[in-house]
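Please read the structure below before turning to the comments.
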Amino acid sequence: FDDGSEPDYLLNLPDQPRVSTVEDLIGEKETWFMATASIMLRKTFLPVLPEWIRESKSGDIPLNLLLAQRGPIGYLSDVMAVYRKHGGGQSNTDHRWQAGFLFNRINMYHRLDEATNGRYRDRFRKTMAEFYWHLPDSVEYENRFWPRLRYTLTALRYHPAAFPMTWPTILKEKILPPTWLAATRRLRGLR
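Positions in the sequence shown are counted from 1; adding 290 to them yields the numbering used here.
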C-alpha cells in the first residue's frame with residue numbers, strides 16, 4: 291500500500307493451479323484470484339465488448355468470465371504487475387453496505403447469465419442471492435421495512451439453502467429495521 295496502511299502481499303498463493311476454467315471463476319460466492327493488471331488475452335476471442343460491461347463497476351470479472359468460455363485460463367507464477375493501492379483509490383470505492391454497489395453487482399451477474407445463455411444460472415443465482423442478502427443492511431435500506439422484506443425474500447428465492455436460519459431469526463436480523471427492534475425492546479422494558 292502506497293500509504294503504508296497495510297503490508298505488501300502477493301494476490302496468489304504458491305499453490306495456485308496452473309490452469310483454471312470458467313467454473314473456477316464462478317463459485318458459491320463471488321471469487322477472484324486474478325490480478326487485473328497482469329491479464330493477457332487474445333483480442334480475437336472477444337473482439338467487441340458487450341455494451342453492458344461499460345455499466346459495470348467491475349469490468350474485469352465479466353471480461354474474464356466471457357473470455358474463459360473460449361478455453362482454460364493459464365497462470366504464470368511470475369510477478370507481472372504491482373498495484374499502488376491506497377485508501378482513496380478506485381479499488382476502495384466498492385462497499386457492500388451501499389445499495390448502488392450491490393445493485394451494480396446483481397446487474398452484472400444477471401447480464402453474465404444472459405451472455406452465457408443460462409449455462410451457469412444456478413451459480414450466478416447463488417452469487418446474486420448473496421448481494422440481495424446484503425441489501426437490507428445497506429445504508430439506504432437499513433431502516434426501511436418494505437425494501438428489507440423485498441430483498442430478503444428475493445435472496446431466499448434465489449438460493450434458499452445459503453441462509454439456513456429460522457424464520458424468527460430472519461425476521462429479527464434481516465427484515466425488521468433495527469430502529470423498530472429498538473423501539474419494541476424499549477416498550478418491553480428491555481435494553
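Virtual Cβ for every residue (Gly too), placed ideally from N, Cα, C.
Sub-8 angstroms separation of P458 and N433 beta-carbons: Taking the sequence shown and counting its residues from 1, the one referred to as residue 458 is at position 168. Taking the sequence shown and counting its residues from 1, the one referred to as residue 433 is at position 143. In this structure, N433 does not lie closer than 8 angstroms to P458 by Cβ.
Spatial distance of R411 from L477 (CA atoms): The residue given as residue 411 occupies position 121 in the sequence shown. The residue given as residue 477 occupies position 187 in the sequence shown. About 46 angstroms.
Whole-number beta carbon distance between K347 and F391, since they are thought to touch under 8 angstroms: If you number the sequence shown from 1, residue 391 lands on position 101. If you number the sequence shown from 1, residue 347 lands on position 57. Right, their Cβ atoms sit about 7 angstroms apart.
Buried/exposed call for L366, threshold 16 Cβ in 10 Å: Translated into positions along the sequence shown, residue 366 becomes position 76. Exposed, because fewer than 16 other Cβ atoms sit within 10 Å of the Cβ of L366.
Y373 versus L331 - alpha carbon distance: Counted from its first residue, the sequence shown places residue 373 at position 83. Counted from its first residue, the sequence shown places residue 331 at position 41. Here the alpha carbons of L331 and Y373 stand approximately 20 angstroms from one another.
Cβ distance (whole Å) where Y431 is taken to contact L425 below 8 angstroms: Numbered from 1 along the sequence shown, position 141 holds the residue referred to as residue 431. Numbered from 1 along the sequence shown, position 135 holds the residue referred to as residue 425. Contact flag correct, Cβ pair sits at about 6 angstroms.
For G479, the three-state DSSP class (helix, strand or coil): In the sequence shown, counting from the first residue as 1, residue 479 sits at position 189. The three-state secondary structure of G479, taken from DSSP, is coil.
Ranges of the alpha helix (DSSP H) found wholly within the stretch 296-331, counting only runs of at least 4: If we require 4 residues or more, the alpha helix (DSSP H) runs fully inside the stretch 296-331 come out as 312-315.
Pick from I351, T474 and Q388 that is closest to F323, judged by C-alpha positions: As a working note, residue 323 is residue 33 in the sequence shown. Here the closest residue by C-alpha is I351.
For A405, the nearest candidate out of A473, D368, N302 and I343 (CA to CA): For this step, residue 405 is matched to residue 115 along the sequence shown. Minimum Cα distance to A405 is reached at I343.
C-beta atoms of L453 and L446 nearer than 8 angstroms: In the sequence shown, counting from the first residue as 1, residue 453 sits at position 163. In the sequence shown, counting from the first residue as 1, residue 446 sits at position 156. The identity of residue 453 in the sequence shown is Phe, whereas the question assumes Leu. Cβ atoms of F453 and L446: closer than 8 angstroms.
Length of the line joining the Cα atoms of T295 and N407: Position 5 of the sequence shown, counted from the first residue, corresponds to residue 295. Position 117 of the sequence shown, counted from the first residue, corresponds to residue 407. The amino acid at residue 295 is misidentified as Thr; the sequence shows Ser. One C-alpha to the other measures close to 43 angstroms.
Residue from E313, I316 and S328 with nearest C-alpha to M370: To locate residue 370, count along the sequence shown from 1; it is residue 80. M370 has its Cα closest to that of S328, out of E313, I316 and S328.
Per DSSP, the bridge partner or partners of G294: Taking the first residue of the sequence shown as position 1, residue 294 is located at position 4. Answer by DSSP bridge pairing: none, since G294 is not bridged.
Exposed unless 16 or more other CB atoms sit within 10 angstroms - verdict on M398: In the sequence shown, counting from the first residue as 1, residue 398 sits at position 108. The residue in question, M398, is buried, as its Cβ has 16 or more Cβ neighbours within 10 Å.
Contacts around L301, its chain only, beta-carbon distance under 6 angstroms, and the 5 residues preceding and following it disregarded: If you number the sequence shown from 1, residue 301 lands on position 11. Hits under 6 angstroms: A325.
Length of the line joining the Cα atoms of L303 and D368: The residue labelled residue 303 in the question sits at position 13 within the sequence shown. The residue labelled residue 368 in the question sits at position 78 within the sequence shown. Roughly 12 angstroms between the two C-alpha positions.
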